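*Asks:* Below: one structure in structure tokens.
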Amino acid sequence: MNKYKKITLDGIIFSNPTFMLVLGTCPTLGLISSALSALEMGLAVIVILTLSNIIISALRKIIPNEVRIPCYIVVIATLVTLIRMVLDKFLPDVYEALGGFLALIVVNCIILGRAEAFANKHNVAESALDGVANGIGFTMALTIMGIICEFLGSGSLFGYQIMDFSIGLFATPAGSFIVYGLSICAFTAIIDTFERAKRVKSNKIARENLLGQNSEPQTVEEGNA
């Protein structure tokens with residue numbers, strides 16, 4: 155498999171930071187009661203994760219190994235501060251909606267994890283793609299759960315009222331936790347089914363190739379006879 159394709163699929167699906175690795179649970183549980191807030195947080199994480207991966211990858215050969223984690227935090231904190239200033243200036247409603255969760259991006263396990271596990275070991279192009287892919291995976295997960303929680307909890311989608319019926323539990327942190335757990339179960343079940351089907355197909359191809367190799371000598375012997 156092409157390495158760039160693998161990086162993309164791992165970040166979005168097979169190593170999804172929210173559903174598969176269960177990282178960044180604080181903003182996940184705090185923001186998925188609103189689909190719009192979940193989407194906005196996801197977009198902010200995409201920008202910060204991509205930029206931090208690029209910077210850390212570019213500096214990986216000059217950052218001393220002994221202080222790499224503090225250096226990562228300085229880079230991420232600087233980016234988060236800039237994003238907060240931009241949002242406060244140009245998108246104050248978004249800034250207010252995200253609240254303290256925006257500042258917590260500095261210690262978000264997804265961003266620190268990708269910096270440590272990927273960006274400091276790969277080139278800038280690969281690190282940028284990894285940041286975008288994991289950011290999309292995180293955004294996708296938050297938005298899907300945000301849609302479910304908001305629809306069930308208040309009968310609306312992205313702030314627009316859809317129906318009068320609602321289940322108040324899903325507008326609370328407890329409801330968010332339930333949706334999060336069920337979403338993880340559903341996502342992992344889908345991935346397991348896909349992987350199982352892929353293994354069956356690979357085994358079938360391997361058996362067919364083995365049978366083909368075993369039949370060739372017999373054909374040659376029959377021809378000589």
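The numbers in our numbering rise by one with no breaks, and the one at position 209 of the sequence shown is 363.
We put the beta carbon where it would ideally sit given N, CA and C, even for glycine.
Small disclaimer: the values here were computed from a predicted structure and weren't measured.
Quick one: is Gly-165 buried, meaning 16 or more other Cβ sit within 10 Å of its Cβ, or exposed?
*Replies:* With 16 or more Cβ atoms within 10 Å of its Cβ, Gly-165 is classed as buried.
*Asks:* From which residue to which residue does the alpha helix (DSSP H) around Phe-244 run?
*Replies:* 222 to 244
*Asks:* Beta-carbon within less than 6 Å of Val-260's beta-carbon, same chain only, minus the 5 sequence neighbours each way: which residues are those?
*Replies:* Ile-230, Ala-231 and Val-234
*Asks:* How many Å lie between Gln-367 and Glu-349 at the Cα?
*Replies:* 27 Å
*Asks:* Using a Cβ-Cβ cut-off of 7 Å (strictly less than) and excluding sequence neighbours within five positions of Gly-313, which residues of its own chain qualify?
*Replies:* Leu-190
*Asks:* Beta-carbon separation of Ser-281 and Ser-211 under 8 Å?
*Replies:* With contacts defined by Cβ atoms closer than 8 Å, Ser-281 and Ser-211 form a contacting pair.
*Asks:* Nearest to Ile-223 by alpha carbon, out of Arg-238, Ser-206 and Ile-237?
*Replies:* Ser-206
*Asks:* List the endpoints of the continuous alpha helix (DSSP H) containing Ala-301.
*Replies:* Residue 301 is actually Ile in this sequence, not Ala. First-last of the alpha helix (DSSP H) with Ile-301: 278 to 308.
*Asks:* Counting only the same chain and skipping the five closest in sequence on each side, list residues whose C-beta sits under 7 Å from that of Ile-200.
*Replies:* Val-286, Gly-289, Ile-290 and Thr-293
*Asks:* Leu-258 and Pro-327: beta carbons closer than 8 Å?
*Replies:* no
*Asks:* Whole angstroms are fine: how far does the CA of Leu-311 sit from the CA of Arg-238?
*Replies:* 26 Å
*Asks:* What does the alpha-carbon distance come out to for the pair Ile-316 and Val-333?
*Replies:* 20 Å
*Asks:* So, at 7 Å on beta carbons, what are the nonlocal neighbours of Ile-227 in its own chain, with the 5 sequence-adjacent residues on each side left out?
*Replies:* Val-260
*Asks:* State the start and end residues of the unbroken alpha helix (DSSP H) segment that holds Pro-181.
*Replies:* 179 to 185
*Asks:* Could you tell me the alpha carbon to alpha carbon distance between Glu-194 and Asn-363, rounded to whole angstroms?
*Replies:* If you take the alpha carbons of Glu-194 and Asn-363, they lie about 50 Å apart.
*Asks:* DSSP state of Leu-311, grouped into three classes?
*Replies:* strand
*Asks:* Identify whether Thr-172 lies in helix, strand or coil by the three-state DSSP scheme.
*Replies:* coil
*Asks:* Distance check for Phe-324 and Gly-307, CA to CA, integer angstroms please.
*Replies:* 4 Å
*Asks:* Pro-171 and Leu-163 - do their beta-carbons sit closer together than 8 Å?
*Replies:* It is not a contact, given that the beta carbons lie outside the stated cut-off.
*Asks:* Looking only at C-alpha atoms, which of Lys-352, Ala-273, Ala-351 and Ile-345 sits nearest to Ile-167?
*Replies:* Ile-345
*Asks:* With burial defined as no fewer than 16 other Cβ atoms inside 10 Å of the residue's Cβ, what is the status of Asp-242: buried or exposed?
*Replies:* exposed
*Asks:* Considering just the uninterrupted stretch of the alpha helix (DSSP H) at Ser-211, what are its terminal residues?
*Replies:* 189 to 213
*Asks:* If you measure between the beta carbons of Ala-360 and Leu-296, is that distance less than 8 Å?
*Replies:* no
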